[in-house]
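Structure, as structure tokens:
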Amino acid sequence: MTAGLRRAAAFLRRPGTLVGLILLALILASILAPVIAPDDPEDLVATKLMPPSGAHLMGTDQLGRDVLSRVLYGGRYTLLSAAVAVLIAAGAGIPLGLIAGYVRAWPAALIMRVMDVMLAFPGLLLALVIVTIVGQGLPSVTVAIGIAFIPIFVRLVYGAVLSARGADYVLAARLIGCSPGRIVVRHILPNISGQIIVVVSSAFGWAILTGTVLNFLGFGVQPPTPEWGADLAASKDWLSQGWWACTFPGLAIAIAILAANYFGDAWAVGSGRRWRRRRSASPALEASTSLVGPAAVAASPEEARP
Amino acid sequence: MISGQRPPLLSVRDLRVAFPTPSGPLLAVDGVSFDIAPREVLGVVGESGSGKSVTALSLMRLLPESARVDGAIAFNGVDVLGMPGAELQRLRGKHVSMIFQDPRTSLNPVRTVGAQLEETMRTHLGVSRRAARERAAELLGEVGIPDPRRHLDVYPHELSGGMCQRVMIAMALSCEPQLVLADEPTTALDVSVQAQILELLRTVIARHGTALMMITHDLSVVAGLADRVAVMYAGEIVELAPSERLFAHPRHPYTASLLDCITRLDDVRTDTLPAIPGAPPDLSKPRSSCPFAPRCSLAQPVCAERPPLAEKAPGHAAACFFDIPAPAPRAVVAGTPEPEAAPDDSAGVVLDVRDLEVHFKRGGLSLRARPPVRAVDGVSFEVRRGETLGLVGESGSGKSTAARAILQLVPLTRGEVRLDDETISGKRERALKPTKRRLQMVLQDPYGSLDPRMSIVEIVAEPLIVHDVARGREATRRATELLEIVGLPAHFADRMPDELSGGQRQRVNIARAIALNPECIVADEPTSALDVSVRAQILNLLRDIQLRNKLTYLFISHDLGVVRHMSDHVAVMYLGRLVEIGDRETIFGAPQHPYTRALLEAVPVPDPVVERSRRRTPLTGEVPSAANPPQGCNFNTRCPFVFDRCFEEDPSLIRIGGTHLSACHLAAPQQVEMNPEPAVPATSVADHRRTES
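Read top to bottom, the protein sequences are chains W and C.
Heads up: the first sequence at position 72 corresponds to 72 in this note's numbering, and the numbers run straight through without jumps.
Heads up: the second sequence at position 520 corresponds to 826 in this note's numbering, and the numbers run straight through without jumps.
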């Protein structure tokens with residue numbers, strides 16, 4: 001077996017891989033919705049509230065639209081909105097956190113106090129307030145979630161930078177005359193990127209949740225646009241007549257959030273193990289005489305889980 | 307052989323310990339056999355990765371579950387490896403006890419010292435609380451803790467590191483064990499405290515009639531203590547002999563070269579240290595040859611076989627096919643200054659430090675201002691071109707803070723730093739960028755100081771790119787050249803830092819420091835994290851580069867042997883101040899300040915004869931807090947010659963001759979200089995002004 005194949009096999013055995021594949025499948029299904037969806041999501045294709053059958057795998061909803069098609073198309077709005085929201089939050093939060101963490105002094109105090117105030121409100125409530133101010137519609141819901149999630153990234157990056165800036169390699173970079181910008185971008189950011197990726201993944205899950213809630217409450221997409229949260233809201237009154245109409249959008253939400261959250265954890269474990277493997281290349285270190293040395297080597301992959 | 311007469315207390319036969327790793331089993335201990343007789347002191351010496359600690363832990367069955375242990379361990383004839391749990395607990399607490407390297411982490415921080423001592427005794431001896439408390443106080447007194455009754459009720463964080471180690475020793479002896487395992491018990495301590503602890507171990511072990519297995523990386527530490535010494539390399543015992551014989555006539559090439567590359571204070575100083583080339587073998591690869599053969603100067607084709615540990619002389623075993631002749635007797639004894647050409651005093655001053663003060667404000671919730679920590683409190687010196695000034699001091703002396711202040715990494719409270727007549731202190735970081743081309747630093751920790759996400763060549767190329775000296779392919783080419791200079795061939799270039807050993811990483815650090823071709827390098831403990839055999843390589847490299855690039859060094863170390871080897875001039879720091887400064891021969895040959903003298907006396911020498919005959923006046927106590935230094939002379943709490951004036955008046959550095967200055971009321975200036983117009987001192991101290999507290 002070549003090294004490449006062996007690596008591929010090891011990759012497939014990782015717990016994160018399966019979860020990652022589920023997440024990827026959801027995203028792909030949403031992107032390919034126009035190709036794979038059996039019907040137009042907004043067309044009344046059959047009698048209302050038909051149970052799942054060969055013709056309509058997830059049945060039809062209270063207006064006679066194909067639920068499967070609506071779930072597939074709905075994912076485009078839900079997932080895209082969540083992704084853009086996380087992009088906004090990370091795009092604003094990471095630089096702010098880097099500045100607050102590395103520059104310290106007054107910018108840090110200012111940024112962090114504003115973030116503390118934002119953190120004092122629950123994310124959903126904050127997003128609600130922003131939507132009320134900005135106005136309804138999916139774009140404003142997305143921006144609202146993005147803004148509400150900024151503190152998550154600022155706090156994470158701020159903490160990570162504080163611990164990384166004390167490292168000797170940062171001192172070494174200062175010694176050779178690197179500018180603060182270069183130190184932050186070339187030395188600190190790559191070393192905290194692992195932590196950021198984990199939180200990006202979890203934040204994606206939270207953004208799906210918050211987004212579908214806002215859509216459920218009617219602040220986002222307007223009928224007949226398909227969206228998981230909005231569909232859940234619209235079909236909930238017919239739950240006793242047809243469980244399928246609201247169950248499948250709900251399941252989609254749950255699976256997407258679970259996958260996003262678990263993917264972050266799995267990534268952390270996987271990258272931790274990658275470091276461990278790399279380190280075992282230096283024997284002198286591994287067999288180091290401290291108690292930690294052998295214990296660290298001895299930790300088998302199973303034990304490496306947090 | 308001591309163990310020959312009596313049945314052994316502990317007998318280890320063919321011990322093998324393997325740890326499973328993703329890349330196959332790692333054989334940490336590979337066929338180790340030895341005995342310890344009752345009351346015997348066995349020193350086990352080896353570098354990191356030699357398997358010495360794993361051996362000790364396996365004796366107590368303290369290894370992680372996943373470790374595969376084979377062989378036989380018998381304690382008083384009872385098999386330890388097959389011992390059931392309850393019996394094992396009795397063995398661990400009562401018959402065998404252990405002293406670890408870091409006393410601070412081995413004591414429970416939330417329980418008082420007394421409670422921890424009493425617990426052990428009540429568990430294993432079944433004595434009453436009152437009796438246990440009595441005995442605990444007695445033990446604390448015995449290990450030299452003043453006012454033992456009061457100290458029963460203190461928490462570990464209220465004690466210094468040396469005091470904690472004394473408590474650990476008391477705890478280890480509390481149940482009158484038959485064997486004490488001490489794993490690097492003095493490595494985390496300063497040299498003056500190390501001397502105290504070694505002395506204490508020597509006396510209490512003898513008084514209690516306990517056997518001791520002393521594990522250390524430092525041959526000098528066991529020289530005066532051990533009856534027999536086992537030298538370990540790559541998981542094997544390569545030499546086992548009575549202490550005197552081993553040091554007088556090492557019969558394994560590894561032991562011999564290890565003794566050669568120690569920078570000892572009582573030997574002729576040479577410019578180049580004998581170093582052992584290469585690094586220890588990869589323990590995860592199967593080994594069938596002599597493990598030392600790749601680094602051995604005597605290696606022959608026959609060394610592809612593994613040599614057995616065979617008796618070379620009565621009681622003296624070595625695992626080598628060859629007989630090594632006894633080394634020539636050393637001619638020079640301690641303290642004799644060697645004739646050597648005086649350093650060139652005409653060279654210009656490169657680094658000029660005047661009245662350097664770094665005080666750290668202490669935060670806290672109370673509104674009352676707390677006194678600042680006076681980390682560096684008025685230090686002045688000069689370093690001339692091409693010279694090395696060694697800066698020595700124990701932990702807390704402020705030497706590292708001084709280095710960082712010189713490089714403007716911490717803000718100066720007062721004082722001035724000049725590089726080539728240009729004042730660099732007080733400038734903003736951006737304005738200092740051109741300075742960094744001329745003034746560089748090698749950091750202590752080879753593991754933390756390289757960015758783990760950058761390859762070796764990127765790390766070395768970075769200063770070139772940052773300073774616009776070269777970019778792209780040219781920068782890579784120059785970085786590869788630099789790596790060649792520090793002894794890392796081209797195939798290392800693309801490796802990541804965690805694929806290198808400590809010594810190789812320190813080479814990368816040096817390559818980065820010389821990339822911009824600086825005039826002056828501040829080296830802050832560059833070898834203290836390295837093994838002895840690797841240390842010599844790095845010291846030689848630093849020296850070669852100094853000659854090659856005409857570099858000026860400020861060399862900071864706590865290790866007097868290393869400083870003696872590297873420096874032309876030496877400055878001794880204590881509690882933020884310079885106490886003595888002078889040229890190397892004066893400081894090591896005729897030190898004037900009581901602290902310098904005590905420090906020199908405290909350094910152990912790898913020679914049992916010298917160590918045992920040595921009359922020591924070890925420094926008592928430990929370094930006081932820099933937040934609240936003693937009034938008067940700041941050494942007055944530990945000085946053996948202290949008198950009234952030392953409590954009233956702070957001695958300033960006075961010239962006692964030539965370039966030699968000392969801050970002691972007892973130091974007498976030499977007669978008037980014969981030369982009417984004295985030459986400019988090579989390393990002079992500017993008027994020692996200071997703000998009195």
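Don't be surprised by glycine CBs; every beta carbon is placed ideally from N, CA and C.
None of these values were measured; they are calculated from a predicted model.
Query: G696/C - containing alpha helix (DSSP H), residue span; Result: Note, G696/C: premise wrong, no alpha helix (DSSP H); beta strand (DSSP E) at 694-698.
Query: is_contact[R6/W, chain C] using C-beta, thresh 9 Å; Result: no
Query: Chain W contact residues for V772/C, given Cβ-Cβ distances below 9 Å; Result: A173, I176, G177, C178, S179, R182
Query: CB contact below 9 Å: P311/W versus chain C; Result: Since the first and last residues shown for chain W are 1 and 306, residue 311/W lies out of range.
Query: Members of the segment 36-56 of chain W that neighbour chain C once the beta carbon cut-off is set at 7 Å; Result: none
Query: In DSSP terms, what A256/C is bridged to; Result: It is not possible to answer for residue 256/C, since the shown part of chain C is limited to 307 through 999.
Query: Neighbour-count burial assignment, G20/W, 16 or more Cβ in a 10 Å radius; Result: buried
Query: Beta-carbon proximity of A623/C to L546/C, cut-off 9 Å; Result: yes
Query: Beta-carbon contacts of A632/C that lie in its chain and below 8 Å, excluding the five residues immediately before and after; Result: A554, H555
Query: Residues of its chain near N382/C, where Cβ-Cβ distance is below 7 Å and the 5 sequence neighbours each way are ignored; Result: L315
Query: G684/C, DSSP secondary structure in three states; Result: strand
Query: Through-space distance from L209/W to A230/W, alpha-carbon basis; Result: 12 Å
Query: Selected residue, minimal CA-CA separation from R944/C, among G654/C, L905/C, E928/C; Result: E928/C
Query: From F204/W, I152/W, L138/W, residue whose alpha carbon lies closest to that of A225/W; Result: The sequence given here has Thr at residue 225/W, not Ala. Ranking F204/W, I152/W, L138/W by Cα distance to T225/W puts L138/W first.
Query: Which of helix, strand or coil DSSP assigns to Q714/C; Result: coil
Query: Distance between beta carbons of A829/C and L857/C, contact taken as under 8 Å; Result: With 8 Å as the limit, L857/C and A829/C do not qualify as a contact, their Cβ atoms being about 10 Å apart.
Query: C-beta atoms of S364/C and E490/C nearer than 9 Å; Result: no
Query: Cβ separation of G867/C and L571/C, assumed to be a contact under 8 Å, to the nearest whole Å; Result: 6 Å
Query: Alpha carbon of P930/C to alpha carbon of D683/C, nearest angstrom; Result: 14 Å
Query: P607/C, buried or exposed, once every other Cβ within 10 Å from all chains shown has been counted against 16; Result: exposed
Query: C-alpha distance - V915/C paired with G530/C, whole-angstrom precision; Result: 8 Å
Query: Simplified DSSP assignment, three categories, for L117/W; Result: Correcting the residue type first, residue 117/W is Val in the shown sequence and not Leu. DSSP places V117/W in helix when its eight states are reduced to three.
Query: CB contact flag (V537/C, H514/C, <9 Å); Result: no
Query: C-beta neighbour in chain W for R783/C, strict 9 Å; Result: no
Query: Same chain, Cβ closer than 6 Å to L788/C, five either side skipped, listed in chain order; Result: V766, A817, A821
Query: CA nearest to the CA of V664/C, picked from N934/C, V685/C, A581/C; Result: V685/C
Query: 9 Å Cβ cut-off: residues of chain C touching A160/W; Result: None at all; the shortest Cβ gap to chain C is about 14 Å.
Query: Residues sharing a beta bridge with T729/C, DSSP; Result: R724/C
Query: Chain-ordered neighbours of L756/C on chain W, where CB pairs are closer than 9 Å; Result: D168, Y169, A172
Query: Residues that DSSP places opposite R951/C in a beta bridge; Result: Per DSSP, none; premise fails for R951/C.
Query: F204/W: first and last residue of the uninterrupted alpha helix (DSSP H) it sits in; Result: 189-216
Query: Nearest-angstrom Cβ-Cβ length linking L79/W and L26/W, presumed shorter than 8 Å; Result: 7 Å
Query: Simplified DSSP state of V986/C, which is helix, strand or coil; Result: Unreliable positioning characterises V986/C in this predicted model, as indicated by a pLDDT of 38, which lies under 50. The coordinate reading is nonetheless provided below. Three-state DSSP puts V986/C in coil, outside helix and strand.
Query: Neighbouring residues, chain W, relative to P1003/C (Cβ below 8 Å); Result: Outside the shown range of chain C (307 to 999) lies residue 1003/C, about which nothing can therefore be said.
Query: T60/W in three-state terms, based on DSSP; Result: strand
Query: Inter-stretch contact at 8 Å, needing at least 3 Cβ pairs: the segment 242-249 of chain W / the segment 49-58 of chain W; Result: yes
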